[in-house]
Each structure stands twice: as structure tokens, then as C-alpha cells.
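Read the structure below first, then the notes.
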Amino acid sequence: MAKFRLDRYKPLLALGLFFAVWWIGKPLVQSFLQISFTEFQAPSWVATSHLDGLAGFWARRSHSKVELIEAGKELERENARYQIMRQRYRTLEDELSRLEAMLEMPGRREFRHEIARVIRREQSAWWGRIIVRKGRNYDIRVGAAVVFAGGVVGRVTEVHAYTSEIDLITSPDFRIAAQFEDDPRPVIYQGLPQDGFAKPHGEVRDVPQDLLASSSQPIKLVTTSLGGTFPAGLSIGTVDWLQPGSSGIFQSGAVQLDPRLLQLREVAILVPLEAGTHSHVF
Amino acid sequence: MSEFDIHRRENPRILLLFWVSLAAALFLVLGLVWRQLIAKEAFDQIEKRQIERRILKPGPRGNIYDREGRLLVGNRPHYSAVVYLDDLRPEFRKEYSKVIKHARKEIAETHNLSSNPPKPNYANLQWDARMNVLQRYIDQINAITGRSDKVSRTKLKRHFNEQLLLPLPLALDLAPEQYARLAEKLPPPPRSPIRIHTDTARYYPYGSLAAHALGYVQSTDPDAEEIPDDGIKTFTYKKIVGKTGIERSFNDHLTGKSGMEIWRVDPLGFQDTRLQLVPPKQGDNLITSIDIDLQRAAETALGERIGAAVAIDVQTGEVLTIASHPGYDLNRLSPYIPRNTFDEINQRGAWLDRSVQLSYPPGSTFKLITAIAGLLDGVIDANSREHCTGVHRVGNRIFRCHVRNGHGVVDLSAAIEGSCNVFFYARGLQMGIDTLSEQAKRFGLDQPTGIELPFETRRLVVPTKEWKRSTIGPGWVPGDTANTSIGQGFLLVTPLQMATATASIARGETRTRPTLQALSSDTAQKIDHGGEKIGLRPEEKRILWEGMERVVGRRGTGRLVQIPDLRIAGKTGTADFRAHGEEVNLAWFIGFAPIENPKIAVAVMIQGADASQSYHGGSTAGPVAKDLFLEAIKKYPERMGFPIKSD
Chain X
45 MAKFRLDRYK PLLALGLFFA VWWIGKPLVQ SFLQISFTEF QAPSWVATSH LDGLAGFWAR
105 RSHSKVELIE AGKELERENA RYQIMRQRYR TLEDELSRLE AMLEMPGRRE FRHEIARVIR
165 REQSAWWGRI IVRKGRNYDI RVGAAVVFAG GVVGRVTEVH AYTSEIDLIT SPDFRIAAQF
225 EDDPRPVIYQ GLPQDGFAKP HGEVRDVPQD LLASSSQPIK LVTTSLGGTF PAGLSIGTVD
285 WLQPGSSGIF QSGAVQLDPR LLQLREVAIL VPLEAGTHSH VF
Chain W
355 MSEFDIHRRE NPRILLLFWV SLAAALFLVL GLVWRQLIAK EAFDQIEKRQ IERRILKPGP
415 RGNIYDREGR LLVGNRPHYS AVVYLDDLRP EFRKEYSKVI KHARKEIAET HNLSSNPPKP
475 NYANLQWDAR MNVLQRYIDQ INAITGRSDK VSRTKLKRHF NEQLLLPLPL ALDLAPEQYA
535 RLAEKLPPPP RSPIRIHTDT ARYYPYGSLA AHALGYVQST DPDAEEIPDD GIKTFTYKKI
595 VGKTGIERSF NDHLTGKSGM EIWRVDPLGF QDTRLQLVPP KQGDNLITSI DIDLQRAAET
655 ALGERIGAAV AIDVQTGEVL TIASHPGYDL NRLSPYIPRN TFDEINQRGA WLDRSVQLSY
715 PPGSTFKLIT AIAGLLDGVI DANSREHCTG VHRVGNRIFR CHVRNGHGVV DLSAAIEGSC
775 NVFFYARGLQ MGIDTLSEQA KRFGLDQPTG IELPFETRRL VVPTKEWKRS TIGPGWVPGD
835 TANTSIGQGF LLVTPLQMAT ATASIARGET RTRPTLQALS SDTAQKIDHG GEKIGLRPEE
895 KRILWEGMER VVGRRGTGRL VQIPDLRIAG KTGTADFRAH GEEVNLAWFI GFAPIENPKI
955 AVAVMIQGAD ASQSYHGGST AGPVAKDLFL EAIKKYPERM GFPIKSD
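In the order they appear, the protein sequences are chains X and W.
According to my numbering, the first sequence is numbered sequentially starting from 45.
According to my numbering, the second sequence is numbered sequentially starting from 355.
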């Protein structure tokens, strides 16, 4: 009987081992790198952002006392204005709640908001993404709506330990249900590939045929609460041109978004709340 | 000269081979020429048939508006979640190999000792794999929308075999919230194969108003002649056709133009490249003559009662209102009629359009025709008087008036005012059934009006001696004439017919051609209703109209219809009718206004639900007509003579 010689099978074993590493190791490494990449990089981004803040602080320190006093006065005026608006908002909110209770309407979805600093922007033709300086440490969740003073910013797609990634409203992967102001019928908004120097834009489809839009009379596209992600009434953009879609009955058109989306410094993340938690109601 | 040349010239076998080879080469060349140049078209066609597929998509239907441009029937989005099976092929393959492995394992475990284990049924396993993949996606949709849809094997097979290029619906009739949630929670294609498909379904902003007149639609397979006969395999979406009402009558006008896509497909029949796209076009819009405010007034006044109300523009014949109760909310029938909804409507008898599809005895409203016949025949004139004692003897039979003690001595105007049966028994018997029938026929009461509504009844009866002999048997007796002269007996008409007859009387003509289309002012000027002048002398017309005005006067049977400052000519009627084996009352009111320049003619009929309900023309149907007149004044004050100009 021939003696079994292991060394004859060495090349085969080596090949098998190589394939095993290739098949199993590669996805593991990829996954590890993908997860750790952001986490490893995040501290440097966060540090850069803090340094930016510090630079801003020192730049302001160099202002003269007169300028600072003027700015302080302006701030006081703004604060006073916001106090009045806040009071008016609370009164309206109370009235709304009273009417809702009277009509036995179901409660609206409530959100807590987290203001977060933008620390990185990734803009290309195919996606638009920003990274903010808050993550799991602030209980940010995937899918949460992100807004700013001009309306919708996007949606949280990934949450890391100290940072979160947000898919911008301009991204072709971003799609939400929307409605036109004063028209309850739902339509679909979706981002589009962006040109380098053009204003941010997206597209709207499933628009009923009776709606008209022109450059002299653009119509405003706002969020609807039907989808559950966004509160109703937040601005998405304006539509000044609609054309018949391929169905022959619905229209589609371009949505002009707020140009400030390209220079965001701070955003608010709306984290849905469990019932009974104190919150700002949208 | 080579050695071979000698062979070629001298060896007959070589020569034969040479010529045969030459002929074969020539044959091949000719064949190539034939196929490439001459038969190219035919081969192109074969190739086209093999690699091209057509998708036909019907265009949306046109909208229907009322005469003031308000949307009565439109199209609303109809959402569904769909997948193209082509997008799922890699998953089908993956799942198939999993399913096969699992099946083999199971067989091995069950038949581990058997020398000849059974083979798995591969065809079934393939369907199982497809079902599994689809159910996973449906579960994903269910999780987002809260529905509990399931994939159907039969539907999947049918779709695979017959509609491979069309999207397979996974969840139909999504509510707007479900549509919105899917749009937000599902990643857009190509990251997810699930697409949100938006189609159209009919939408009725006014719900049940004018339901019978507007009609509903049904989806059906397209006709064979709509598919181009060029051999390319065609997939078609269902098209929507009008089933009843205006939707049916104006189906061609409202139907959109189909759009078309031509796709190049791979050998398995899945789409590869789109070669052509022709978008569908919406059908033409239709502006109807209906005034939805008047329609609402009529239907509100009818309430829960069984009946019909029609209002017509006296001059043009445009139907302003055509209501039938009980009705149904048309939105419940769109995009399809659920079985329980069908049964519920059926149980209430609401499918029937009582304004045109059922015929009823007109009761005393017919006395106007008897009066006209009498005036034209000469048996009635300004001096005609009849003494009503409450009864009238015809042979051995006693015919009663509705006033037990009689009206006393009445002339034509008073007889119309008080709806005196005895007066009309006497004059009807005097002129005879032939004259009476002839006049009723002159007003078209024996024929459908020809309105653009389907299924207008042909069961219309203006009895004659011949008619009775041929349909019932026994000969005509004077009692039949007496009954006919007060609108009872065998007479059967529709509420629409009575409205057109009223409009004709108002215009002094015998016919009114009703239409549901809004007419342009030019067309309205040239309108020809196809009748003739009634032929009453002015004095005769005055007596008749005076009687009609007195009906709506202080002592008339239709006094509840009175409206200050509006002169209305009317006639009430109460008839007996057999419905569902029970004798029930029918309450009628017909009339027109303003008398000075008639603009609107109305006919209202209300049917008692059972024998216990005692309905009367003046008190039951009259108020409905009054509401119609009031709404007409509100909507068209100038045409109705308002505000009153003081001299």
C-alpha cells in the first residue's frame, strides 16, 4: 500500500486555503473597513469642526467693542422677536390641541429635535451627503428627518458613535411623498443627479393634471405627514414647470430647491418620540 | 498545360464534378441573393415577430363637466405596488437552486434506503421559488403598509404566461397613506425592484349626485381590432369602458387614445431594450347640460324617497337636472364594484334609473293632454261646463272624482285647478280614445325621447283599441277611455317624457328633444325639436294656461308650489301603481315657469314605498318642484324674470 504523502497535496491545500480566505475573508475585511473607516475618520472630522468653531470664535474676538455691542443689541432684538413668535406659536398650539381633542382626532406624531453641526459635505453628480457631529451619543436614529430654516435637508442613513450620515434631498436615492401647498393630493418627490454649478434641483411626479405651474406663478412643494417620516408643511422647493408624464394623465416637473442647501452649517434632526415624552410637536 | 487540365478536358467524371460543383455554388449564391436582397422584407418580419413585443396602454378617459365647468367625473390616481419579473430573474435563479437543494435533501431523508428515490418535480419547484421571492417582497410591503396581501400562484402563472412584459401587481388599491409610506420607506429602483405604479381610476367629486345620469365604468380587455395586425405579440392593459349613463353613451368621445411601447426581448421573452414609445392621450372632455346646483336641490328635496325629478330648458331641451332615487355613491364603484356593494345597491333597487328606465301611469298630469285633445277636437271650449257631483256613470260602472261631494259646476280652468275627474271623464268619452291617443302620440308619449342615455325604456303605452286587442285580448270599453282621460288605466310614461311634454306645452309645440350635452348659443338658436305647433288658438291656450296657473294658485291642488313673484303653470297628479305586488301611490307634479316667458320645465314623480304611505301630487311632489324653481331663481334670476321690474 502506497504511503500517504501530505506534501503532495500541499499545492491543493494552499489553493483551497486561498479560496477560503478570498471568499470568507474579503467580505469580513470589507465590512470591517466600511464600519471602522467612518469611526476612525470621525475624530479628525470632529476635531476639524471644533477647530473651525474656535477659529470663528477668535475671529469674532478681534471685533471692536462697538461692533460687539451692536451685535449684542441686534441679538437682543432678535431674541425678543423670537419670544413673541414662540408665545404666538404656543397659543396656536394650545388652540390646535383643544380643537383636536374636541374632534377626537388621533394625536400627531411628535418629534424631539437635535441641532447638529455639519462637519463634512460629500457632493457628487450621483449622491449628496453630509455628515453631522451627532450620532448614537445623542440617540439619533436611521431614517430620521433632517430639516433647516429653508425646509427639508434629507434623511439620516447611517448613525455612528459620534457622527451621522445624512442623505441630502438632492440625492437620487432620496424619495419622499409630498404635496403641493393647499392641495392634499400626494405626489412623489425624488432627487436627481446634480450638475456641478447648477442650483440644487429634484423632480416631482404623479402630479394631477389640473395643477398648473409657471415661472410667473410657481407652486410650492411641501412635505406631507402621510409617510410618517416628516411633519406636514415643511418646504421642499418650488415648481415652475410641469409637463405631461408618460401615463398621459399625471404630470412631472423639476423642483427648484433652496440654494442654501449647498452651504449648510447646522441642521436639525427630528427624532420621533415615544408617546408621552415632552417634545416639540410638528 | 498541366496534368490536371488534361483530366479536366478529357475525364468525363472530373467534368461532371466540375459542373455539379459550379451549379451548387451558383445555387448557394442565388440562394444568398434571394434571402439577402429579395426576401429581406419577409425575414425582417419574422425577426420582428420573434424579438419584438408591443405593450398597449389605454389612454385615460376624458373628464365630464357640468354646464358651468364644474368637474362631475374626473380621474384620480390609483396606486399600486408592482414588480417587473425581469428584475427578479437573478433572485428567482438563486431561490430555485435553494429550493432544489432543500427538495433533494428532503427526498434523501425520506427515501434513504430506497434504491430508486423519486426525482423532484422541477417545474413545480421553479414556481415555488418564484412564489417565495414574490412573497418576500409582498411581506416587505405588508410590513410597511400594514396590509396582509398574499401572492396567488394562479395569478402569477397567468401573468408569466400572458403578460410577462407588464408589471405584476403585488398590492393593489393602495390608500394615499400607504402610497406615501411606501414611497418613503422603500428605496427607489434599482435599489429595490418594487415600483410604485400610478394609474387612474374614475373619481366623482359629487358622490351620488346625478349618479344614474353620469353612469359608471368597468375595466375590460381591449377589442381584437384595437391590436395592430402585424404579427408582433402584444400585451395589453385593461381598458375602461362606460357601462351605464353618459359614460356609456359618450364612450367613444371620452375614451383616450392608447399609448404604445415596443420592446426588443431576449430569447426568454424578458424586455431588453425599448425601441418605441408613444404616450397615451386622454380622451376628450364632455360638457354636459346638467347644472349640479339644480341637481343637488332636486336630490336633497327627494331625500330618501323613491322617485325621479327632471328639469329641462324649455327652449333648447337641455336637461338641467335628471335625478333618480334611491341612488348610490359612484365612488364606491371605482375602480371596481365590490360584490357586497353590488348586492347592497341591488337590494335597495337603486341600480334602476327611474327617470328613464321605468314607466308609470302619469295620473292627472295627463289631463293636460286630454284638455288639449278636447280643445283641438272641439269638445272643449271656453264655454264648456260640467257638473261634478263626485261620480260619473259609464255604463254600469261608477267612476269617482277625488272630491267625494264633487266640484260643482266647473269649466276647463276650474277642472284643471281642482283636477276634476268628472270633467275629463265626460270630455274624454265625448272625443273617444282614438282622438285622445292621437294627441298623446303627437306629444311623443309612445316613444322613447332619444336622450343620450342607454336603456331608455320602450315599455311606453299610449293605449288604442288595436293595442288592447293585440296585447290584452278583450275589446275596448268606454271605461278604458274614461280611465285613460285621467291618466290611469293602461297609460305608461317616464318622468323624462312628462318633462319633455311639459316643455313642449310651454313652447306651444308637440315635441321636445332632450339632450344632456351643453349646447352652444349658435346651436341653441338653430335647434329643431322635430315637432309641430300644437295648434291651439290664443283663447284656447289662455284657458289652458290659466287653469295651470290656478293649480299653483291659492285654491289649486299645487298651492304648495307657490313662489311669490313667480308665475308658475303646473299640474299635479296622483296615480295608483302596482309595485312588488302592492298597490302604491304615485305623486306627480309637472310645470313650467315663468308663464310670461317659459324657461324651465320640471317633472317630479315620487313613488310610495308601500301601501301604507299616502302620497299626493300637490303635497308630496310639489315641494320638490318648488325647490327646483327656487334654485333656478337663485341661479338664473334674470332668465326667471327676477328682480321684478316695477313700471
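Backbone N, C-alpha and C define an ideal beta-carbon position, used for all residues, glycine too.
Cβ separation of residue i and residue j, assumed to be a contact under 8 Å, to the nearest whole Å
i	j	result
Val-176 (chain X)	Leu-278 (chain X)	In fact, because the Cβ distance is near 18 Å, the residues do not count as touching under 8 Å.
Val-668 (chain W)	Ala-955 (chain W)	5 Å
Ile-174 (chain X)	Ile-213 (chain X)	Incorrect: roughly 11 Å between the Cβ atoms, too far for contact.
Gly-901 (chain W)	Pro-716 (chain W)	That pair is no contact at about 17 Å.
Val-436 (chain W)	Leu-510 (chain W)	Contact flag wrong, Cβ pair sits at about 13 Å.
Lys-587 (chain W)	Arg-407 (chain W)	5 Å
Arg-219 (chain X)	Pro-252 (chain X)	Not a contact, Cβ separation roughly 19 Å.
Ser-612 (chain W)	Lys-411 (chain W)	6 Å
Exposure of residue i, with buried meaning 16 or more beta-carbon neighbours within 10 Å
i	result
Glu-1002 (chain W)	The requested residue 1002 (chain W) is not part of the displayed model; chain W covers only 355 to 1001.
Gly-798 (chain W)	buried
Ser-718 (chain W)	buried
Ser-106 (chain X)	exposed
Phe-381 (chain W)	exposed
Phe-101 (chain X)	exposed
Glu-894 (chain W)	buried
Trp-170 (chain X)	exposed
Ala-64 (chain X)	exposed
Asn-365 (chain W)	exposed
Thr-877 (chain W)	exposed
Val-186 (chain X)	exposed
Trp-899 (chain W)	buried
Met-149 (chain X)	exposed
Arg-812 (chain W)	exposed
His-883 (chain W)	buried
Any non-hydrogen atom of the ligand FAD closer than 7 Å to residue i Cβ
i	result
Ala-124 (chain X)	For the ligand FAD, the structure offers nothing, since it holds no ligand at all.
Secondary structure of residue i, DSSP reduced to three states
i	result
Ser-738 (chain W)	coil
Thr-321 (chain X)	For Thr-321 (chain X), the predicted model reports a pLDDT of 48, less than 50, meaning its position is unreliable; a value from the coordinates is still stated below. Thr-321 (chain X): coil per DSSP, three-state reduction.
His-432 (chain W)	strand
Thr-574 (chain W)	strand
Arg-867 (chain W)	coil
Arg-708 (chain W)	coil
Met-994 (chain W)	coil
Phe-326 (chain X)	Annotation note: pLDDT 42 at Phe-326 (chain X) (below 50); position unreliable, no value reported.
Tyr-182 (chain X)	helix
Pro-303 (chain X)	helix
Gly-277 (chain X)	coil
Minimum Cβ-Cβ distance from residue i to chain X less than 8 Å
i	result
Pro-542 (chain W)	yes
Pro-530 (chain W)	yes
Asn-639 (chain W)	no
Arg-535 (chain W)	yes
Asp-1001 (chain W)	In this prediction, Asp-1001 (chain W) scores a pLDDT of 48, lower than 50, which makes its location untrustworthy; no coordinate-derived value is stated.
Asn-429 (chain W)	yes
Residue i at chain W interface by Cβ criterion, 8 Å
i	result
Arg-383 (chain X)	With chain X covering only 45 through 326, there is no way to say anything about residue 383 (chain X).
Arg-219 (chain X)	yes
Thr-214 (chain X)	no
Leu-255 (chain X)	no
Gly-277 (chain X)	no
Thr-201 (chain X)	no
Thr-273 (chain X)	yes
Leu-57 (chain X)	no
Thr-268 (chain X)	yes
Gln-238 (chain X)	no
Should the region 649 to 666 of chain W be regarded as contacting the region 454 to 470 of chain W, the criterion being three or more beta carbon pairs within less than 8 Å? no
So, does the region 928 to 935 of chain W touch the region 943 to 958 of chain W, judging by three or more C-beta pairs under 8 Å? no
Taking three-plus beta-carbon pairs below 8 Å as touching, is the region 834 to 844 of chain W in contact with the region 771 to 787 of chain W? Yes, the region 834 to 844 of chain W is in contact with the region 771 to 787 of chain W.
The region 179 to 199 of chain X / the region 238 to 253 of chain X touching (three or more Cβ pairs under 8 Å): For the pair of segments examined, the region 179 to 199 of chain X was found not to touch the region 238 to 253 of chain X: the number of CB pairs separated by less than 8 Å stays below three.
Could you tell me whether the region 545 to 563 of chain W touches the region 501 to 516 of chain W, where touching means 3 or more Cβ pairs closer than 8 Å? no
Please determine if the region 744 to 764 of chain W and the region 699 to 710 of chain W are in contact, where contact requires at least 3 C-beta pairs separated by less than 8 Å. no
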